[in-house]
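Peer 1:
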Amino acid sequence: MFRTLTLSAVLLICAASAPAFAEPDFTGLVEESIPAVVNITTTRFGTRPGDSPEDQGDIPEDVPEFFRRFFEEPYGEGRGRPDRMGGGSGFILESDGLVITNHHVIDGADEIIVRLSDRREYEAELVGSDPETDIAVLRIPADDLPTLAFGPTEDLKPGQWVIAIGSPFQFEQSVTAGIVSAKGRSQGAQQQYVPFIQTDVAINRGNSGGPLISTDGRVVGINSWILSSHGGNIGLSFSIPSEVAQNSIEQLLEHGRVKRGYLGVVLQAVTREQADALGLERPAGALINQVEPGSPADEAGIRVGDVILAFEDQPIDRHSELPPLVGMERPGTEVEMSIWRWGERETLEVTLGEREGEAVERGVNGDSEAQPSNALGLVVEPLDQELRQRFGDPEGGVLITEVESDNAYRAGIRRNQLIMMINNREIADMDDFNAVVEDIEPGQTVALLVREASGASAFLAYQPENGAED
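So in our numbering the end of the sequence shown lands on 492, straight run, no missing numbers.
1) Just to check my reading of the structure: ILE157 and ILE248 have Cβ atoms closer than 8 angstroms, yes? What is that Cβ distance to the nearest angstrom?
2) Consult DSSP for ALA158 and reduce its assignment to one of helix, strand or coil.
3) Could you check how far apart the C-beta atoms of TYR215 and ARG282 are, in whole angstroms? I think they sit under 8 angstroms.
4) Please report the straight-line C-alpha distance between LEU120 and ILE62, rounded to a whole angstrom.
5) Where does LEU347 fall in DSSP's three states?
6) Following the continuous alpha helix (DSSP H) through ARG282, name the residue where it begins and the one where it ends.
7) Find the nearest neighbour of PHE113 within the set ASN229, GLN296, GLY307, PHE333, judged by alpha-carbon distance.
8) Below 8 angstroms, how does it come out for the stretch 275-293 and the stretch 342-355: are there three or more Cβ pairs, yes or no?
9) Could you have a look at TYR144 and say whether DSSP puts it in helix, strand or coil?
10) Whose C-beta lies closer than 7 angstroms to the C-beta of TRP183 among residues of the same chain, with five residues either side of it excluded?
11) Return the CA-CA distance between PRO153 and HIS125, expressed in angstroms with no decimal places.
12) Considering ASN269, what are the terminal residues of the alpha helix (DSSP H) in which it resides?
13) Less than 7 angstroms between the beta carbons of THR175 and VAL266, yes or no?
14) Which stretch, first to last residue, makes up the beta strand (DSSP E) that contains GLN220?
15) Suppose you measure from the CA of GLU448 to the CA of VAL459; what does that come to, to the nearest Å?
16) Between which two residues does the alpha helix (DSSP H) containing SER55 stretch?
17) Answer yes if the stretch 362-377 comes into contact with the stretch 397-409, meaning at least three C-beta pairs across the two stretches below 8 angstroms, and no otherwise.
18) Report the partner residues of MET359 according to the DSSP bridge assignment.
19) Could you give the DSSP three-state label for GLY477: helix, strand or coil?
20) With a CB to CB cut of under 6 angstroms and the five nearest residues on each side skipped, what residues in its chain are close to SER259?
21) Going along the chain, which residues of its own chain have a beta-carbon closer than 7 angstroms to the beta-carbon of ALA319, five neighbours each way excluded?
22) Flag this pair as yes or no: are the beta carbons of ALA308 and ILE324 separated by less than 7 angstroms?
23) In whole angstroms, give me the CA-to-CA distance for GLN196 and SER151.
24) Does THR467 pass the burial test, meaning 16 or more other C-beta atoms within 10 Å, or should it be called exposed?
25) Write down the C-beta distance between PRO64 and ILE128 rounded to the nearest angstrom, noting that I regard them as a contact closer than 8 angstroms.
26) Over what stretch of residues does the alpha helix (DSSP H) that includes VAL458 continue unbroken?
27) Quick check on the burial criterion: 16 or more other C-beta atoms within 10 angstroms. Buried or exposed for SER427?
28) Suppose you measure from the CA of PRO163 to the CA of ASP118; what does that come to, to the nearest Å?
29) By the 10 Å Cβ neighbour count, where 16 or more other Cβ atoms means buried, how is PHE193 classified, buried or exposed?
30) Going by C-alpha distance, which of ARG161, PHE455, GLY316, ASN446 is nearest LEU421?
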């Protein structure tokens with residue numbers, strides 16, 4: 023009994039000394055914000071040639087839900103219905119009727135109806151939209167409207183409260199709240215210019231295009247997509263940062279389209295093994311595995327194997343951080359980049375250009391004589407004319423026919439890849455390959471630039487089991 027009482031007393035003391043957190047109250051914030059949030063309904067007339075099953079109404083059961091848009095209402099109840107409905111949310115940015123929403127909410131619509139919080143409805147004019155940032159600008163014939171203003175995301179921190187207002191499943195003016203989970207999330211190549219804000223705010227179909235609002239009443243993001251295995255919210259919601267949205271909106275109003283900076287490289291992440299091979303203290307930066315001939319990067323002297331560590335004094339920790347920074351710059355802008363080039367740090371100036379908006383079968387096997395295994399644990403052979411044609415006529419390279427090294431296989435190296443570069447040395451033919459292999463020392467980490475038959479390339483790093491002996 024004595025022990026039980028003592029434990030209870032300790033628990034009571036701990037509870038009394040714990041910091042008290044006041045429950046958040048968003049009522050004032052919601053009352054001020056909700057009049058500027060709108061419901062958007064879109065209509066498409068009839069089935070068009072080439073419409074996808076999602077656009078035509080009935081979505082097959084075997085279509086995966088992972089990484090899909092979940093916010094639009096399905097178009098009608100059956101495939102080929104004459105009038106098909108969709109929609110989402112939006113908000114009023116300017117009192118003379120400028121409305122902001124997502125590109126995917128209005129994409130392909132023949133008619134766009136904006137309904138205000140006071141139930142007034144207007145047919146909207148599409149001013150412009152940008153699929154790569156998922157931003158659309160609408161205008162309705164109305165004046166003296168309530169508005170919301172953008173706020174910065176620079177000081178937005180994980181753990182900070184935010185709210186979302188929209189029309190999930192057509193329940194207009196619905197309010198949900200949560201916290202910022204992370205910043206700078208990437209969706210991949212489809213929207214590489216958007217460093218999404220991740221939150222646990224409950225967002226569902228119909229929230230798309232609505233505002234993500236900070237506690238000071240300003241829009242810090244535009245709700246765009248969720249990650250879900252079944253189509254419902256599981257606490258992974260993603261919003262377009264206000265700075266990205268503002269840049270797109272300004273350009274859509276000025277030019278009718280978004281002009282973004284263009285560098286002309288293909289990037290990949292830096293792994294621990296690659297960092298060792300490149301001489302970096304830690305895995306960081308954006309590793310370049312392709313440079314487009316004649317691109318701004320090519321003209322500035324950027325090479326395959328370089329690692330971009332900073333862009334205009336902005337450190338690059340992950341490779342996904344670079345495209346949004348490049349995309350936010352206007353074409354013709356001269357920028358400074360800090361790069362790591364095989365053991366040395368250099369500074370380059372690049373004048374950005376303007377970005378303009380598997381055909382080969384894998385499993386290639388030639389009849390050339392394969393070379394025996396070597397210090398890299400790889401069997402390779404030279405390219406004949408047929409192999410060169412199948413790989414798109416590359417300049418140089420040798421073909422991997424067998425992977426005997428377990429470390430190489432774990433790194434992603436496979437048969438029927440071309441080796442285009444080893445560390446900082448280009449591989450034009452078998453003589454180059456053999457010369458490089460002779461210099462591989464025991465325990466040395468090597469980085470190989472390999473190319474697939476599809477044309478995709480990547481740097482892969484590993485430590486061979488046995489290096490060359492003295």
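Note that the Cβ used here is the ideal one computed from N, Cα and C, for glycine as well.
Peer 2: In brief:
1) So it is not a contact: roughly 18 angstroms between Cβ atoms.
2) strand
3) 6 angstroms
4) 13 angstroms
5) helix
6) No alpha helix (DSSP H) contains ARG282, which DSSP labels as neither H nor E.
7) ASN229
8) yes
9) strand
10) PRO46, ALA199, ILE201, THR237
11) 6 angstroms
12) 264-277
13) no
14) 218-221
15) 12 angstroms
16) 49-55
17) no
18) PHE333, LEU370
19) coil
20) THR221, VAL223, ILE225, ILE248
21) LEU285, GLY286, VAL287, VAL313, VAL372
22) no
23) Before going on, a small fix: residue 196 reads as Ser here, not Gln. SER196 and SER151: Cα-Cα distance of roughly 25 angstroms.
24) buried
25) Here residue 64 turns out to be Thr, not Pro, going by the sequence shown. Rounded, the Cβ-Cβ distance is 6 angstroms, consistent with contact.
26) 452-460
27) buried
28) 8 angstroms
29) exposed
30) PHE455
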